[in-house]
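Below you'll find the structure, written out as structure tokens, and then a few comments.
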Ligand SMILES: Cc1cc2nc3c(=O)[nH]c(=O)nc-3n(C[C@H](O)[C@H](O)[C@H](O)COP(=O)(O)OP(=O)(O)OC[C@H]3O[C@@H](n4cnc5c(N)ncnc54)[C@H](O)[C@@H]3O)c2cc1C
Ligand code: FES
Ligand code: FES
């Protein structure tokens, strides 16, 4: 057990845990950030996606010790922001959400994409979402959601 | 439960590595899967672990010029995304890296981790064999440089000592006009390749001046035959064209794949030779 500090959604937190505990479990269990989901647990599905120091990563692949001192943003951290609301509304209007299990990860991938490229074309969107699996929608509606977010949010990103 | 270390800098990391021989963990994308346990429980590492991904001294990519050669030096903790984004990354390496999984994985996984994992299907390794990459290895007080072909000794095996770390990868930047990296996998993102091929070559005064041809996931390590490549040096495009069937024949004796759960040996060999033929045809139409 060690006391490990990092920044979670803009606030410093300190967690007492084994440094090899997965960041995914730290976020869900210790920090109650249940917007972060576990799908596969092995880097294939993107349900556990968070931002680490501004870039998209899978939290199931990162031991807590590797995240010490970094800035982590979970779906809870963007949900209430203008950008987060824009993505949520766009996904809703596009019909991009069915069971919703993949949605938080898809939102994080969308936020990461629009941050580096606020006018992505369809193939750029598909590439950016390529690490996120969805069992329900067939992806087209999610791509549409990202397109709507990018149009409506052109002044946000 | 095993111990873990978080060194404050490279020097600290090398001395911890010498004293306790922990396993280095960079992005963790290989190790966290290899040692994963039941959901919600700790990964089952068998020995102590040292985090290295945060070591800033190794997070760089730079060009070095010495005499007439320019070398790209990729630091030991540069991520696959860093490598793909760098303007001087050779095109076959860039394509190889971009063929690995998806952005979230590449943002975290390192080039060094892909090499040290030494999978015969490691996509960057196929390109790095063709590019004559050299691995920089350090331990407290000493440093050595080893060609990648000698660094990797078998599936999952390297010559790295228990007290050493890989601190950089060096790639000599050479003229290369006909470049190809092709990966044949089951799904584009997140599928380890069934097979990969890299070809780089350059002409001078209408004749082949340099060439490297490598095949990933067709044997215990990446396959490259410098001997067969030498036979192609000095050929003109039309001469190469006439020789293609012979070259394919020669390569069919050095490519001896194994069956595994991802595909059969017969399929691998056929595809490898097809990719080679396609590349040689393309090459023979250039000057
Ligand atoms: C979903 C998924 C898809 C994947 N797809 C592909 C693919 O298509 N192609 C492919 O080639 N790979 C693929 N991989 C494998 C993996 O992502 C790569 O091998 C990656 O580059 C490993 O880097 P890492 O930093 O995460 O390594 P880690 O897991 O941290 O380490 C890997 C190995 O390198 C050693 N190591 C790390 N840094 C050092 C150092 N500085 N000195 C000495 N040893 C060191 C570790 O001890 C370990 O043995 C995939 C993995 C996953 C989970
Ligand atoms: S749970 Fe992390 S990628 Fe699937
Ligand atoms: S909406 Fe169900 S998995 Fe995507």
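Residue numbers (my numbering), protein chains in the order written: chain A, 303 to 459; chain B, 705 to 991.
Here a beta-carbon is modelled for each residue, glycine too, at the ideal position from N, C-alpha and C.
- The segment 363-372 of chain A and the segment 724-734 of chain B touch, with no fewer than 3 CB-CB distances between them shorter than 8 Å.
- Judged by the Cβ position, residue 360 (chain A) qualifies as a neighbour of ligand 2 at the 7 Å threshold, a heavy atom of the ligand being closer than this.
- Residue 795 (chain B) and residue 883 (chain B) have their C-alpha atoms spaced approximately 7 Å apart.
- B:945 is the residue among B:974, B:945, B:926 whose C-alpha sits nearest the C-alpha of residue 985 (chain B).
- Residues of the segment 423-443 of chain A whose Cβ lies closer than 7 Å to any Cβ of chain B, in chain order: 430, 432, 433.
- Within the segment 905-981 of chain B, the complete beta strand (DSSP E) runs of at least 3 residues fall at 911-920.
- Near ligand 3, meaning a Cβ closer than 5 Å to any of its heavy atoms, lie the following residues in chain order: A:400, A:401, A:403, A:404, A:436, A:437, A:438.
- Around the beta carbon of residue 861 (chain B), fewer than 16 other beta carbons lie within 10 angstroms, which makes this residue exposed.
- In this model, residue 909 (chain B) and residue 771 (chain B) are separated by some 24 Å (Cα to Cα).
- The C-alpha of residue 707 (chain B) is placed about 8 Å away from the C-alpha of residue 751 (chain B).
- Non-local C-beta neighbours of residue 720 (chain B) in its own chain, meaning closer than 8 Å and more than five positions away in sequence, comprise 709, 711, 726, 754, ordered along the chain.
- The three-state reading of DSSP puts residue 338 (chain A) in coil, since its state is none of H, G, I, E or B.
- Contacts with chain B (Cβ-Cβ distance below 7 Å) from the segment 326-356 of chain A involve 327, 340, 343, 344, 345, 346, 348, 351, listed in chain order.
- Residue 360 (chain A) belongs to the set of residues whose beta carbon lies under 8 Å from a beta carbon in chain B.
- When distances are taken from the beta-carbon of residue 747 (chain B) to the heavy atoms of ligand 1, even the shortest one reaches 7 Å or more.
- Bounds of any alpha helix (DSSP H) do not take in residue 324 (chain A), whose DSSP letter is neither H nor E.
- Collapsing the DSSP output to three states places residue 730 (chain B) in coil.
- A straight-line Cα-Cα distance of about 50 Å links residue 849 (chain B) and residue 447 (chain A).
- For residue 420 (chain A), the secondary structure class from DSSP, reduced to helix, strand or coil, is coil.
- With respect to residue 783 (chain B), residue 812 (chain B) sits close: the two C-beta atoms are nearer than 8 Å.
- Three or more Cβ pairs drawn from the segment 392-405 of chain A and the segment 424-441 of chain A lie within less than 8 Å of each other, which places the two stretches in contact.
- At least one heavy atom of ligand 2 lies closer than 7 Å to the C-beta of residue 340 (chain A).
- In the DSSP assignment, residue 718 (chain B) falls within the alpha helix (DSSP H) that extends over 714-724.
- In this structure, ligand 1 has no non-hydrogen atom nearer than 7 Å to the beta-carbon of residue 773 (chain B).
- Its Cα nearest to that of residue 929 (chain B), the residue B:903 stands out among B:903, B:777, B:885.
- Those residues of the segment 710-738 of chain B placed with their C-beta closer than 8 Å to a C-beta in chain A are 710, 729, 731, 732, 733, 736, 737, ordered along the chain.
- Relative to ligand 1, residue 793 (chain B) has its C-beta separated by 7 Å or more from all heavy atoms.
- Close partners of residue 370 (chain A) in chain B (Cβ separation under 7 Å): 710.
- Within a 10 Å sphere around the beta-carbon of residue 842 (chain B) sit 16 or more other beta-carbons, which makes this residue buried.
- Assigned with DSSP and collapsed to three states, residue 383 (chain A) falls in coil, not helix or strand.
- Residue 718 (chain B) has its alpha-carbon roughly 19 Å from the corresponding atom of residue 764 (chain B).
- For residue 310 (chain A), the uninterrupted beta strand (DSSP E) segment begins and ends at 304-310.
- Here residue 762 (chain B) is buried, its C-beta having at least 16 other C-beta atoms within 10 Å.
- Shown here, residue 351 (chain A) sits in a strand according to DSSP, grouped into three states.
- Annotation for residue 954 (chain B): 932 place their beta carbon closer than 7 Å to its own, counting only its chain and skipping 5 residues before and after.
- Non-local C-beta neighbours of residue 389 (chain A) in its own chain, meaning closer than 7 Å and more than five positions away in sequence, comprise 409, 412, 413, 451, ordered along the chain.
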